[in-house]
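A.B. asks: Attaching a single structure in structure tokens format; questions to follow.
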Amino acid sequence: MIIGLTGGIGSGKSTVARAFETLGAAWVDADDVAREIVLPGEPALVAIKQHFGDQVIHQDGTLNRPALREIVFKYPEQRQWLESVTHPTIRARLLQHLSQFEKQGEPYVLLVSPLLFESGQNELVSRCLVVDVPQSIQISRTQLRDEMSESQVHAILAAQLSREQRLAKADDVIDNSGDHASMMEQVARLDVRYRQLSAQPL
Ligand code: ADP
3 MIIGLTGGIG
13 SGKSTVARAF
23 ETLGAAWVDA
33 DDVAREIVLP
43 GEPALVAIKQ
53 HFGDQVIHQD
63 GTLNRPALRE
73 IVFKYPEQRQ
83 WLESVTHPTI
93 RARLLQHLSQ
103 FEKQGEPYVL
113 LVSPLLFESG
123 QNELVSRCLV
133 VDVPQSIQIS
143 RTQLRDEMSE
153 SQVHAILAAQ
163 LSREQRLAKA
173 DDVIDNSGDH
183 ASMMEQVARL
193 DVRYRQLSAQ
203 PL
């Protein structure tokens, strides 16, 4: 059973995934896979270099992320082009990782993805778990973690689903506006539930 774990930037997805891991759960992070598919030598990086030129490639051949980010935030049609190249590649690679865990006999695997719904990755999962916090907490925790300006955080928020849209698509919700203990308690309850669900015949 694959559970999609999502939430806006700074909502606590990685923190929640690590909490599940302490209970023995396996997870794959879509952001890690997104970085993996643009490493030097990967076909997606070759396509990006051909399209945008050397301005998005560092001297050592790795992707210049800030340069690329700047272009796609400014030009929505370039963002669309980039996603048309990266999304199918990410999806295929995610499926490889997920099937690896399945072969190892894991009862369930979390697919951690900030853009689970926006990217269509929700089609790969049986259930969607949303980590939810009010936007004010999202902004303050992101700023604490990343030293971003408030306007940078807002630009990222604008590219993601709204809190309401995300919650409307959730099968399960973790309220992460409280402390770590409150989050852990909710994670433990869901872990039991997911193990029960995965043991049920289809
Ligand atoms: P995401 O992966 O959704 O972007 P993170 O898991 O990195 O979010 O969490 C964002 C920041 O908020 C991190 O610095 C994390 O340590 C902190 N954080 C997460 N959950 C809590 C919580 N319940 N209480 C306080 N800080 C938290």
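Just so you know, the sequence shown maps onto residues 3 to 204 in our numbering.
Glycine included, C-beta positions come from ideal geometry on N, C-alpha and C.
Note that the structure is predicted; figures quoted are calculated from it, not measured.
1. Would you say the beta carbon of S16 comes nearer than 7 Å to a heavy atom of the ligand ADP?
2. Please report how far the alpha carbon of M186 lies from the alpha carbon of V18, in whole angstroms.
3. Taking E85 as the reference, which of A49, P68, Q61, E104 has the closest Cα?
4. Is M150 near the ligand ADP, with its Cβ less than 7 Å from a heavy atom?
5. Beta carbon of Y110, beta carbon of A172: below 8 Å?
6. Name the two residues that bound the continuous alpha helix (DSSP H) containing T17.
7. Would you say L146 touches the ligand ADP, meaning its beta carbon is less than 7 Å from a heavy atom?
8. Which of the three DSSP states is assigned to V40 in this structure?
9. What does a CB cutoff of less than 6 Å around V175 pick up in its chain, not counting 5 residues either side in sequence?
10. Quick one: Cα of R37 to Cα of G10, how far?
11. For the candidate residues L146, A183, L25, whose alpha-carbon lies nearest to that of D193?
12. Measure the beta-carbon distance from I4 to L126 and round it to whole angstroms, keeping in mind my assumption that it falls under 8 Å.
13. Here's a check: name, in chain order, each residue in its chain whose Cβ is nearer than 7 Å to the Cβ of A46, leaving out the five neighbours to either side.
C.D. replies: Considering the structure as presented:
1. Within the cutoff, so yes.
2. One C-alpha to the other measures close to 8 Å.
3. Selected option, being the one with the closest Cα: A49.
4. No, since every heavy atom of the ligand ADP falls outside the 7 Å radius drawn around the Cβ of M150.
5. With respect to A172, Y110 sits apart: the two C-beta atoms are not nearer than 8 Å.
6. Per DSSP, T17 belongs to the alpha helix (DSSP H) from 15-24.
7. Residue side-chain check: L146 places its Cβ nearer than 7 Å to a non-hydrogen atom of the ligand ADP.
8. DSSP places V40 outside both helix and strand once states are collapsed to three, so it counts as coil.
9. Contacts found: V132, D134.
10. R37 and G10: Cα-Cα distance of roughly 19 Å.
11. Nearest option by C-alpha distance: L25.
12. Separation of the CB atoms of I4 and L126 is rounded to 6 Å, and the pair is thereby assigned contact status at 8 Å.
13. So the qualifying residues of the chain are I39, V40, V87, T88, T91.
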